[in-house]
Amino acid sequence: MKALRMHSWGVEPAPEEVPEPRPGEGEVLVRAEACGVGLTVLNCIRGDLGADPGDLPRVPGHELVGRIVEVGPGVDATRLGERVAAYFYLFCGRCRRCLAGGQNLCDALAGFVGVHRDGGYAELAVLPERNAVRLPDSLDPVLATVVPDAVATAVHVAHVAGIGPGRRVAVVAAGGGVGVHVVQVARVFGAEVAGLEAAAPKRRHLETELGIPAFDSTEFAAVELPATWGARADVVVDLLGRQASLSWALATLDTGGRLVTLTTFPGVEVPLDPRRLVFGEGSVLGSRYATRPELDEAAGLVAAGRVRPVIGRRETVAGVEAIHEDLRAGRLLGRGALVWSSGS
45 MKALRMHSWG VEPAPEEVPE PRPGEGEVLV RAEACGVGLT VLNCIRGDLG
95 ADPGDLPRVP GHELVGRIVE VGPGVDATRL GERVAAYFYL FCGRCRRCLA
145 GGQNLCDALA GFVGVHRDGG YAELAVLPER NAVRLPDSLD PVLATVVPDA
195 VATAVHVAHV AGIGPGRRVA VVAAGGGVGV HVVQVARVFG AEVAGLEAAA
245 PKRRHLETEL GIPAFDSTEF AAVELPATWG ARADVVVDLL GRQASLSWAL
295 ATLDTGGRLV TLTTFPGVEV PLDPRRLVFG EGSVLGSRYA TRPELDEAAG
345 LVAAGRVRPV IGRRETVAGV EAIHEDLRAG RLLGRGALVW SSGS
């Protein structure tokens, strides 16, 4: 089968013909229709989520959408033919956190799809059955690639931040693959939303297509939120994770405000005034991926047309490296997609 495969961490995956995999006990074989392409896959390729030489060679791509074409022992044959999305985290399903619905915080996490087992940059991929989340057949498979990460992550953010009616939510890096979907999910949850984005084409999209005010974040010190908000926000979702953005977010929180950060960079240090947090009852929160039920919730939002997938570039195998280049340069609006087939 065709695949893009890495033989060293930090090196772009290259096209290869590789043997077709077979599912084992409790596993399913998925024929890929498409795979989402975002910054996380670049982190995986760099080795940021694991760089054990023993995990090589490796096929990246965790935002896999496809159909189950074979099931291994112990898997109900009625799952054959299902369109599914891959849940990124290789959770155990047995620990207390998993049993409570917190698969993203699994105590016995075995790694990640596309890092510790092959992902969607190949025509076929084997997944644990529990990681193959059924999607509505009505979903276009390419558009559905935003569901298992970009939209599911946005849903988790909304839950963590307590986003709801009347809340004023500022999204930093609002034109990126997760950001542009956080904007939409926050509005579905009833919030007023503003976006911060350095790239002018992305700001135009936020304003003209999504109908929100968008501010140039090239210089955070110059950013002032709408006067109707009192230049303050109840929630700031920071998808940039840099000192400048985090410092701005902390200074912008209103009384009772919440800063939610998702992006992690080593060595980032941000001055924090505990007195301001105490007197304003502010919160600084981390948000990690999504739970498996939140992936179901994300699929429902997209299927109902309440969240519109934003895919800035679609390519076949030959064009994936160009998507990676656009991501690194900050040019890509929303997500990219590797397209294997048109679906059926």
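Take the sequence shown: its position 269, counted from the start at 1, is 313 in the working numbering, and no numbers get skipped. Every residue, glycine too, gets a C-beta built ideally from N, C-alpha and C.
{"Item": "Count the other CB atoms within 10 Å of the CB of residue 143; is the residue buried (16 or more) or exposed (fewer)?", "Value": "exposed"}
{"Item": "Does the stretch 66 to 86 come close enough to the stretch 368 to 378 to have 3 or more Cβ pairs within less than 8 Å?", "Value": "yes"}
{"Item": "Going by DSSP, what residue range makes up the alpha helix (DSSP H) through residue 439?", "Value": "Since the first residue shown for the chain is 45 and the last is 388, residue 439 is missing from the structure and cannot be characterised."}
{"Item": "So, helix, strand or coil for residue 308, using DSSP?", "Value": "coil"}
{"Item": "Would you call the stretch 142 to 160 and the stretch 92 to 111 touching, i.e. three or more CB-CB distances under 8 Å?", "Value": "yes"}
{"Item": "Using a Cβ-Cβ cutoff of less than 6 Å, which residues in the same chain neighbour residue 53 once the five nearest sequence positions on both sides are dropped?", "Value": "91 and 95"}
{"Item": "Going by C-alpha distance, which of 126, 270, 228 and 319 is nearest residue 181?", "Value": "126"}
{"Item": "Measure the C-alpha to C-alpha separation of residue 307 and residue 213 and round it to an integer number of angstroms.", "Value": "17 Å"}
{"Item": "Hey, how far is the Cα of residue 270 from the Cα of residue 367?", "Value": "34 Å"}
{"Item": "Kindly identify the DSSP beta-bridge partner or partners of residue 382.", "Value": "79 and 359"}
{"Item": "Where do the ends of the beta strand (DSSP E) carrying residue 172 lie?", "Value": "168 to 172"}
{"Item": "For residue 214, does the three-state DSSP call read helix, strand or coil?", "Value": "strand"}
{"Item": "With residue 48 as the anchor, note down where its beta strand (DSSP E) starts and where it stops.", "Value": "46 to 49"}
{"Item": "Whole angstroms is fine: what's the gap from residue 253's alpha carbon to residue 69's?", "Value": "46 Å"}
{"Item": "Assess contact between the stretch 175 to 195 and the stretch 254 to 263, defined as three or more Cβ pairs (one per stretch) separated by less than 8 Å. Is contact present?", "Value": "no"}
{"Item": "If you draw a straight line from the alpha carbon of residue 116 to that of residue 136, how long is it in whole angstroms?", "Value": "18 Å"}
{"Item": "Output needed for residue 247: all residues of its chain with C-beta closer than 8 Å, excluding positions within five of it in sequence on either side, in chain order.", "Value": "219, 239, 241, 258, 259 and 260"}
{"Item": "Look at residue 216 and residue 316 and say whether their C-beta atoms are less than 8 Å apart.", "Value": "no"}
{"Item": "State the Cα-Cα distance for the pair residue 388 and residue 310, rounded to the nearest angstrom.", "Value": "Model confidence at residue 388 stands at a pLDDT of 47, short of 50, so the residue's coordinates are unreliable; what they give is reported in the following sentence. Their Cα atoms are separated by approximately 43 Å."}
{"Item": "Would you tell me roughly how many angstroms separate the C-alpha atoms of residue 321 and residue 103, rounded to the nearest one?", "Value": "44 Å"}
{"Item": "Between the Cα of residue 249 and the Cα atoms of 365, 224 and 160, which residue gives the shortest distance?", "Value": "224"}
{"Item": "Note down the Cα distance separating residue 79 from residue 323, rounded to an integer number of angstroms.", "Value": "46 Å"}
{"Item": "Across the stretch 332 to 342 and the stretch 194 to 213, are there enough close Cβ pairs to call them in contact, namely three or more that are closer than 8 Å?", "Value": "yes"}
{"Item": "State buried or exposed for residue 66, treating a residue as buried only when at least 16 other CB atoms are found within 10 Å of its CB.", "Value": "exposed"}
{"Item": "Mind checking residue 57: buried by the 16 CB within 10 Å criterion, or exposed?", "Value": "buried"}
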